[in-house]
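Working notes for the structure below.
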Amino acid sequence: MQLEWEVVSDASSYAIYMATGSEPPDTQDLSNWKPLNDEPLMDTSWLVDELKAGTKYWFAVQAVTEGNSRSQLSAPVSATPYAVVKAVNDLNTLEISKHITSDQLAQYLPTEVSIQLHNETLEPDVGVNWEIVNSDYNPDQSGTYWISGSLQLPEYYLNPDKLKAKLQVRVLPGSNAKLSEIRINGKILENFNPDLFTYYLTVPYSMDRVTVTASTYDSSASYEVIGGQEAVLEIGDNSIYIQVISENEKEERTYSLYIERQLLTITEI
């Protein structure tokens, strides 16, 4: 910050003083003022550096004659330095499971990011307002998504390039290898439970074949009815197996259907 003042007649040099605060200290009491120049200053300007952004500084000048007679301090002037945002530091990738809604995701996002300032070594943390609604985030689709966030800056930080925080969110492939339903000839299997993997059924003699279909809890998982969805039933015990593989192919479940086809009864003749 460059300070300049007009020449004072009879002054051979000048002393510069600085203070901080919302109001200037009493100019009659130099104990609350910090001298900036150790040696006599002949010029009518002074470069002040290493000032902290957002701090209110007060400056005053004192004229000094050749006989070292000193004037009262000049009327104080104030200045509050600004800082300019140079960059937003990278954030670590956030990895999550599928089916995390936007509202749930918002709870896991960092509330602050660190930024870099021009001509500053300090990298302060500032708040961030994530704009999930403006992203292409899809909780039901594995993949990589980028979410931007507006910086919540103090009034003394300038962001002329309108820089934003950016966070990479990686939705991992599903690990769920469960079914959400099983259908026999189009009808939902009664008492189905995704966590129950074995079922016992009894069907009449007249049912000599069945069609088995299913739905996975995770739409990206896959299932296969071993031997095909159409199964011919023999009289007595029959076994049908449904194999489910998770999207990430790390989980596998097998649902077993044990179907007993009854003997022909007199009533069915």
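Mapping of the sequence shown onto the UniProt record's numbering: position 182 corresponds to residue 182, and the numbering continues sequentially without gaps.
A virtual CB, placed ideally from N, CA and C, is assigned to each residue, including glycine.
The model shown is predicted, which means the values in this text are computed figures rather than measured ones.
Beta bridge counterpart(s) of residue i as assigned by DSSP
i: E260; result: T202 and D237
i: M18; result: K34 and F59
i: L153; result: DSSP output for L153 lists no bridge partner at all.
i: Y223; result: V244
i: G143; result: V171
i: D125; result: S114
i: S45; result: E4
i: E230; result: T211
i: V77; result: F59
i: I100; result: Paired residues: none, contrary to the question.
i: A83; result: Y157
i: E131; result: In the DSSP output, where bridge partners are listed per residue, E131 has none listed.
i: K166; result: S148
i: Y255; result: I242
From the options, residue whose alpha carbon lies closest to that of residue i
i: S31; options: K56, L122 and T20; result: T20
i: S135; options: V169, R261, K162 and P76; result: V169
i: G174; options: K250, I240, D125 and A231; result: K250
i: V61; options: V85, R253, M18 and K52; result: M18
i: Y200; options: E230, N238, D10 and S12; result: N238
i: D29; options: S71, G186 and E230; result: S71
i: W146; options: K178, L94, E120 and P124; result: L94
i: N176; options: V225, A231, T254 and I240; result: T254
i: L172; options: F197, G143, K178 and K164; result: G143
i: L179; options: G227, L109, K166 and S256; result: S256
i: T265; options: Y223, A231, K187 and V203; result: V203
i: L151; options: L73, G67, V88 and A106; result: V88
i: G67; options: K164, S45, E6 and P40; result: P40
i: A231; options: S222, V244, E6 and I259; result: I259
i: D208; options: P35, Q262 and A75; result: Q262
i: L233; options: I184, T27 and N37; result: I184
i: P24; options: S220, P35 and W58; result: W58
i: T211; options: G186, A106 and L36; result: G186
i: S12; options: A63, E131, Q107 and Y205; result: A63
i: residue 270; options: S45, I132 and E224; result: Examination of residue 270 is not possible in this model, given that the chain is present from 1 through 269 alone.
Alpha-carbon spacing of residue i relative to residue j, whole angstroms
i: S97; j: V128; result: 23 Å
i: G54; j: D161; result: 20 Å
i: D10; j: K56; result: 32 Å
i: E50; j: M1; result: 9 Å
i: D43; j: P110; result: 50 Å
i: S22; j: V48; result: 19 Å
i: D218; j: I242; result: 15 Å
i: I182; j: L91; result: 43 Å
i: L167; j: V126; result: 15 Å
i: D195; j: S246; result: 15 Å
i: P124; j: G149; result: 17 Å
i: S69; j: I16; result: 15 Å
i: H118; j: V84; result: 6 Å
i: D38; j: T65; result: 16 Å
i: S215; j: I240; result: 16 Å
i: E120; j: A221; result: 51 Å
i: L36; j: E6; result: 18 Å
i: A165; j: K86; result: 12 Å
i: K34; j: W130; result: 43 Å
i: S74; j: Y14; result: 11 Å
Residue i CB to nearest heavy atom of the ligand HEM below 7 Å
i: T211; result: Looking for the ligand HEM in the displayed structure turns up nothing, as the structure carries no ligands at all.
Decide yes or no for the touch test of the stretch 184 to 194 against the stretch 100 to 120: beta carbon pairs closer than 8 Å, at least 3 of them. no
Any chance the stretch 79 to 86 sits against the stretch 155 to 162, with 3 or more Cβ pairs inside 8 Å? yes
Is there contact between the stretch 137 to 148 and the stretch 99 to 113, where contact requires at least three CB pairs shorter than 8 Å? yes
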